[in-house]
Amino acid sequence: MSTVANAGQLTTAEPRRPWAVSRSKRLLGFGRMLTFAVAAFVATILTPLANFDGWAVAFLLINLAWVIGIASKLGAKERRDAVLRVVITSLAVLAFVPWLSILVTVILKGYRAVYPGYFISDMRTSTPDDELNIGGAGHAIVGSLIMVAIATVVTLPLGILTGIYLTEVRGRLTFLVRFIVQSMAGVPSVVAGLFIFATVVKSMGQYSGLAGGLALAVLMLPTVSRTAEEVLKLVPDDIRSAGYALGARQWRTALLVVLPTVRAGLSTAAILGVARVIGETAPLLLTSLNTNGFVWNPIGGTVASLPTYIFAMFMYGTEYSNARAWTGSLVLLALVFFFFIIARRLGNKSALKANANRRK
Amino acid sequence: MTIVETPEPRQMMVVYSRADRIFRRIVTGGALTSLLLLGFITAFLVMRSAETFRQFGLDFITGSEWFSAGEDPLGGAVEGAVEEVDESVFSIGPMIVGSLVVALIAMLIALPLSIGGALYIEFYAPRSIYRVLVSLLDLAAAIPSLIFGLWGIQVFTAIGVRWATLLNDRLSFIPIFSVEFENFGRSPFVAGCVLAALVVPITTSVSREVYSRTPRDLIDTCFALGGSKWGAIRSVVMPYGKSGVIAGAMLGLGRALGETVAIYLMLNLVFRYSFEILDSAGGNVASMIALKFGEATDKEISALIASGLVLFIITLIVNMIASSIVARTTPRA
Amino acid sequence: MTQTQITTNQSANQQNGETSKFIGLETQGVHAWFGKHHALSNVSLRFPERTVTGLIGPSGCGKSTFIRLLNRMHEFIPSAAMAGSVLLNGSDIYAPEEDPAMIRLKVGMVFQKPNPFPAMTIRENVLAGIKLAHLKRSNHDEIVEQCLTRAGLWKEVKDRLQASGGSLSGGQQQRLCIARSLAVEPQVLLMDEPCSALDPGSTLRIEETIKELAEKITVIIVTHNMQQASRVSDHCAFFLTDGGPGYLVEADATRKMFTNPTDSRTADYVQGKFG
Ligand SMILES: Nc1ncnc2c1ncn2[C@@H]1O[C@H](COP(=O)(O)OP(=O)(O)O)[C@@H](O)[C@H]1O
Ligand SMILES: [Mg+2]
Chain A
88 MSTVANAGQL TTAEPRRPWA VSRSKRLLGF GRMLTFAVAA FVATILTPLA NFDGWAVAFL
148 LINLAWVIGI ASKLGAKERR DAVLRVVITS LAVLAFVPWL SILVTVILKG YRAVYPGYFI
208 SDMRTSTPDD ELNIGGAGHA IVGSLIMVAI ATVVTLPLGI LTGIYLTEVR GRLTFLVRFI
268 VQSMAGVPSV VAGLFIFATV VKSMGQYSGL AGGLALAVLM LPTVSRTAEE VLKLVPDDIR
328 SAGYALGARQ WRTALLVVLP TVRAGLSTAA ILGVARVIGE TAPLLLTSLN TNGFVWNPIG
388 GTVASLPTYI FAMFMYGTEY SNARAWTGSL VLLALVFFFF IIARRLGNKS ALKANANRRK
Chain B
255 MTIVETPEPR QMMVVYSRAD RIFRRIVTGG ALTSLLLLGF ITAFLVMRSA ETFRQFGLDF
315 ITGSEWFSAG EDPLGGAVEG AVEEVDESVF SIGPMIVGSL VVALIAMLIA LPLSIGGALY
375 IEFYAPRSIY RVLVSLLDLA AAIPSLIFGL WGIQVFTAIG VRWATLLNDR LSFIPIFSVE
435 FENFGRSPFV AGCVLAALVV PITTSVSREV YSRTPRDLID TCFALGGSKW GAIRSVVMPY
495 GKSGVIAGAM LGLGRALGET VAIYLMLNLV FRYSFEILDS AGGNVASMIA LKFGEATDKE
555 ISALIASGLV LFIITLIVNM IASSIVARTT PRA
Chain C
55 MTQTQITTNQ SANQQNGETS KFIGLETQGV HAWFGKHHAL SNVSLRFPER TVTGLIGPSG
115 CGKSTFIRLL NRMHEFIPSA AMAGSVLLNG SDIYAPEEDP AMIRLKVGMV FQKPNPFPAM
175 TIRENVLAGI KLAHLKRSNH DEIVEQCLTR AGLWKEVKDR LQASGGSLSG GQQQRLCIAR
235 SLAVEPQVLL MDEPCSALDP GSTLRIEETI KELAEKITVI IVTHNMQQAS RVSDHCAFFL
295 TDGGPGYLVE ADATRKMFTN PTDSRTADYV QGKFG
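Residue numbers (our numbering), protein chains in the order written: chain A, 88 to 447; chain B, 255 to 587; chain C, 55 to 329.
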C-alpha cells in the first residue's frame, strides 16, 4: 500500500520560527532591564555606591540576584548557563565602555575648537592660549602626512618583497628573515625613535621630517612584511601549481597569478599599517619634535605632526590649549578611522575573501 | 639469467630561467635589505649600550639611581667642562620592575574583559549587531595611545582614584594596597587601568578571531549532545582557542610593556623600588626614556639606549614565550 | 513486505485520526527556508521505532536541511525558518514549551566529518555528552565500555582510552563520534553522510555498527552511496529538486525502491542515471 508523495506540488505554507524569542517576551525582558536600571539608581542613592560605576555594580548585582533567584527553579545546567550569560555580558560591556567613553569625550571636547581655519592655518601667529577662532593644526596635519608618506614609500616595497621572499622564493635565509622580522615587530616605539635619533638626527645635526618618517618606517616595516607574508600564505598552492602547469615561469606566476589574487589584501595591509603609525607619538618626540609653522621640506629642521601638536598643546595646560589638544585628537581619530574604512572597503573586495565567504 | 640492476637515482633539480633568476635576485635583495636594516638596529643598540654596560655592569639593571653630570645633548661640551671626574650614575632597576608591575596590573584587568568581550561578540550578541561590534572593536584597537593618555588624565583619573581610595580603605592590610601618603593619582594602579583599556581592544580582537575559527561542527556536536551554550564554550570553544588567546594576551603584554606616552602622562616616575601600587610613584622604562631624553648628555643617551635594549629584550622574551606556548598547545586533530 | 510504515502526507493525516499516538519520529508537511530561499517543501515522513531509514537524492535537494530539522539544529542558522511539525512519540518538538537541548538529547546526531573533541581523550569524548547535559551517571566506566562496544570500537581502543581522540584513524574517529552520541541514550540517531569522508573498509565497519544499533534505536541516515542505502536501510526516501525547493518524491521499503519504484525518476536515480 505504498503511496507516492504529491511530488513537487508546492503547498503554500507560512514560514515560522518556533525557536525565536516572542515579542511579548522580549518586551518583558526590556521592561525588566528598565526596572533594574531604576532600582540600581535608587541603590546608588541609598548605599555607599556612587556615580556611574557604582550604578553599574548595583545593576550587575541586581541582575545576578534575579538570575540566581529564577535559576533556583532550573536545573544545574540551566542555572550555570543563565549566570554565565549575565557575567559574560557584563564583562563585554565593561570592555566596551572605556573606548565608547573615549569616543564621546573626543567628540564633546574636540568640537569646540573646530572651524574651517583650523585645517589650513598654523600656530605661527597665535599662541596655544589664544581664542579658539584663530590658529589651527594645518601644519601638523601636513607634517603627519609627509612623515607617513616617507614611511610608506620606504616600507611598502621592502615589506612586500620580504613577503614574496618568504612565500614564493623561499631562499636559504627564509628562517633568519622570518625570525628577525618577527622579533623586530616587538620593538617598543620609543626605542625606534631613540635609534633614529642616535643615527639620523645625530649625523644630520638636526631634527627633521625625514628622521620622523624613518622612525615610523622602522615600526612599519615588520608589520608590513608580516602581513604581506600572511596574505600571500592565504593563496592556495593549487593556484601556483596551476600557473606552473600552464608552463608559466616562476616570476610570471608570482607577478601575474599570485600577486593579483592578493592585491586587495596587500593594500589593506598597507593602509592598516598607515592607520597604526599615524598616531605614534613617542618616536616623533625624539626625531621630529614640534614647530609652529608649515614645513614642507623633510630635511628642513623640526616638523610638527598631529601627535606632537596634541602633546604640546596638552602640556601647555591652559583651557584653550587643552581644547586645541582635544580638537587635534578629533582630527587624528578621524584620519585613523578614514584610513580604516578605506582598508575595510578594499578588504571586502578581496578575491580570496569573497571565496572564503562563499564557502561559509 | 636476468640480473635486475638497481639504477642510479638521478638528481632532480629545479632549473630557473634567466628571467626567474633575475626575479629571485631582486626579491632576495629586498628581503636582505629588510634583514640588514632590522639587524642593524639590534647591532646598533648593542654597540651603543656597550659603554654603559661596561661601566656599570649588572648594577645598571639592579641599581636605583640615575644621575647625570651635565653636558649638551647635541654633542659639544658645555663651556669650561674640562676632563672632570665624571660622577654620572645610571641604573634602571625600579623602572624595569615598574614596567612589569604596571603591565601586570593591566593584563590582570584586561584578560577577563577580553575573554568576556570576545565570547559575547561571538556567541551571545544579537546577530543583527555582530558586524557592527566587530568593526567597532577593530576601530578601538586603532585609537592612538596618546588619546588614551589624554582620556586617562582628564576623564578616568577621577574614577580610578575613587577605586584606589576604596581599595586602600578596605584592603590596606595587604601590603601592596597600603600607602604612606593618600595621594592616588598618577599611581601604577590608575596607570594600569588606563593601560588595560588600551590593551583590551587588541586582546579582545585576537581572542574573538580565534574563537570564531572554532569548527562549527564541533559546536554543533555539543548542542546535538544536549549541551547548553556555556557547555559548548567550556568544552569546545575555550580549549580550542586557548593557545590563540594566550598568544593574544602576550601580544597585549608586549604592547603594555612598550607603551610610552600613555604611561608618560599617567604615572609619576620615581627611582625607588616600590610595590605599593596605589602610591603616586612608579617606574616605567619606556616613558623614562621619553622623559630623560630631552636634556640628556651623550653618556646619558648611551644609558638610555641601554635601557631601550633591556626593554627590547624583555619584549622579545615575552614574544618567544608566546610562540612556544602556541607551538606546544595547538590542538591536533 | 507489503505494508510499509512510511506514508505520505494524506495517509498520515488519515491515520492520525485513527491511531492517536505514533511511536517514533514523524514529520508532517515540513518546509524549510534560509532567509527568502525556500530550501525544502512539504515533507511528510514516518520513521518507526527500531528501523533504519536511508535518505537519498542528489546534492542540494535538502537532505541535510531536513535531517537538521529533526533535532532542532536548523535554528542555529541565523535566517532560518520552518513550517509544519515534527513529532517525537506524538508530541511536537517545536512546541513553545519544549527545551531544544532536551530534544537533542533524545535525537542525537553524527556529522559528515569525524569530529572528536580535540582537547579530550577517547574516554572523555565518550562521556562528553553526559558532562555537557549534566546527566547524573555514576557508572562511567561501564558506559564507556558499553558505548564503545556498540560502536564497534572497544576492542581497538580499550588499552588506550587516555589517548587523544585525534590520534585515531578517520574511521575509528567516526565510530568514536557514534559512541559519543550513544552515551546519552538517544531514541533516534541522525547521520548525515557519516561515511563520505572514510575509506571503504571503515565504511563497512560503520554499516555493521548501524545495523546493530537499529536493534535498539531509530536510525536515519543520509547517504550518497546507493549500495550503502540498499545494504543498511529498511526504508528509503528519495528527495529531489528541480531548481526550486527540494521535495520528497517517493518513500517506501528499500527493496521496493530499488527493484520496483513507483516513480520513474526514482528508478533512474537508483540505477545511477543522474545525480
Ligand atoms: N546555511 C545555509 N544558508 C543558506 N542556504 C543553505 C544553507 N545550507 C543549505 N542551504 C541551501 O539549501 C539547499 C539544500 O541544501 P542541503 O540541505 O545541504 O542539501 P543536501 O544535503 O541534500 O546536499 C541548497 O540549495 C543549499 O544551497
Ligand atoms: Mg548534505
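Backbone N, C-alpha and C define an ideal beta-carbon position, used for all residues, glycine too.
Just so you know, these numbers come straight off a predicted model, no measurement behind them.
- Remark: fewer than three beta-carbon pairs, one from each stretch, lie closer than 8 Å, so the stretch 182-202 of chain C and the stretch 254-272 of chain C are not flagged as touching.
- The C-beta distance from leucine 400 of chain B to proline 394 of chain A rounds to 5 Å, short enough to fall under 8 Å.
- Ligand 1 has a heavy atom closer than 6 Å to the beta-carbon of cysteine 115 of chain C.
- Check the Cα spacing between leucine 404 of chain B and each of A:Gly222, A:Gly258 and A:Phe398: the tightest is with A:Phe398.
- In this structure, alanine 137 of chain C has its beta carbon at no less than 6 Å from each heavy atom of ligand 1.
- Look at tryptophan 338 of chain A: its C-beta is not under 7 Å from any C-beta on chain C.
- Residue state for threonine 395 of chain A is assigned as helix, using DSSP reduced to three classes.
- Within the same chain, Pro455 come within 7 Å of alanine 394 of chain B by CB-CB distance, once the 5 residues on both sides are set aside.
- Counting along the chain, the unbroken beta strand (DSSP E) around leucine 243 of chain C starts and ends at 242-246.
- Runs of alpha helix (DSSP H) with 4 or more residues, each lying fully within the stretch 236-295 of chain A, are found at 261-271 and 276-283, listed in chain order.
- At a cut-off of 6 Å, the beta-carbon of serine 192 of chain C does not count as near ligand 1: no heavy atom of the ligand is closer than that.
- Using a CB distance below 7 Å, the part of the stretch 486-508 of chain B facing chain C consists of Ser489, Val490, Pro493 and Tyr494, ordered along the chain.
- Residues of the same chain with a CB within less than 6 Å of the CB of alanine 391 of chain A, apart from the 5 flanking positions on each side, are His226, Ala227, Gly230, Asn377 and Thr378 in chain order.
- Around the beta carbon of isoleucine 283 of chain A, 16 or more other beta carbons sit within 10 angstroms, so the residue counts as buried.
- From the beta-carbon of arginine 104 of chain A, the residues of chain C found nearer than 8 Å are Glu129, Ala134, Ala135 and Met136.
- Interface flag for leucine 472 of chain B against chain C is set, since a Cβ pair is found closer than 7 Å.
- Comparing alpha-carbon positions, the option among C:His91, C:Leu267, C:Glu266 and C:Met127 lying closest to tyrosine 148 of chain C turns out to be C:Met127.
- Contacts between alanine 478 of chain B and chain C, judged by CB atoms closer than 7 Å, involve Asn125, Met127, Arg158, Gly162 and Met163 in chain order.
- In the structure shown, the three-state DSSP call for glutamine 82 of chain C is strand.
- For the pair threonine 287 of chain B and threonine 242 of chain A, the Cα-to-Cα distance works out to about 11 Å.
- Taking 7 Å as the cut-off, the beta carbon of phenylalanine 431 of chain B is found no closer than this to the beta carbon of leucine 519 of chain B.
- Between the stretch 447-465 of chain B and the stretch 128-143 of chain C, the count of Cβ pairs shorter than 8 Å is below three; the stretches do not touch.
- Of the residues assessed, glutamine 281 of chain C falls on the exposed side of the cut-off, its CB having fewer than 16 other CB atoms within 10 angstroms.
- Secondary structure of glutamate 304 of chain C (DSSP, three-state): strand.
- If you check the C-beta of serine 118 of chain C against ligand 2, you find a heavy atom less than 6 Å away.
- Around the beta carbon of methionine 301 of chain B, fewer than 16 other beta carbons sit within 10 angstroms, so the residue counts as exposed.
- A residue is called buried when at least 16 other Cβ atoms come within 10 angstroms of its Cβ; proline 135 of chain A does not meet this threshold and is exposed.
- Interface criterion met: the Cβ of glycine 481 of chain B is under 7 Å from a Cβ in chain C.
- Comparing alpha-carbon positions, the option among B:Trp320, B:Asn573, B:Cys447 and B:Phe566 lying closest to isoleucine 359 of chain B turns out to be B:Cys447.
- Contact of glycine 162 of chain A with chain C by beta-carbon distance below 8 Å involves His188.
- Collapsing the DSSP output to three states places asparagine 179 of chain C in a helix.
- With 16 or more other CB atoms across the displayed protein chains lying within 10 angstroms of its CB, threonine 308 of chain C is buried.
- Ranked by how close their Cα comes to the Cα of arginine 100 of chain C, the residues C:Phe76, C:Trp87 and C:Lys90 have C:Phe76 in first place.
- If you compare the alpha carbons of A:Leu353, A:Val278 and A:Trp142 with that of leucine 319 of chain A, the shortest gap goes to A:Leu353.
- Distance from the C-beta of alanine 93 of chain C to the nearest heavy atom of ligand 1 is below 6 Å.
- Considering only A:Gly116, A:Val256 and A:Gly197, the residue with the shortest C-alpha distance to alanine 410 of chain A is A:Gly197.
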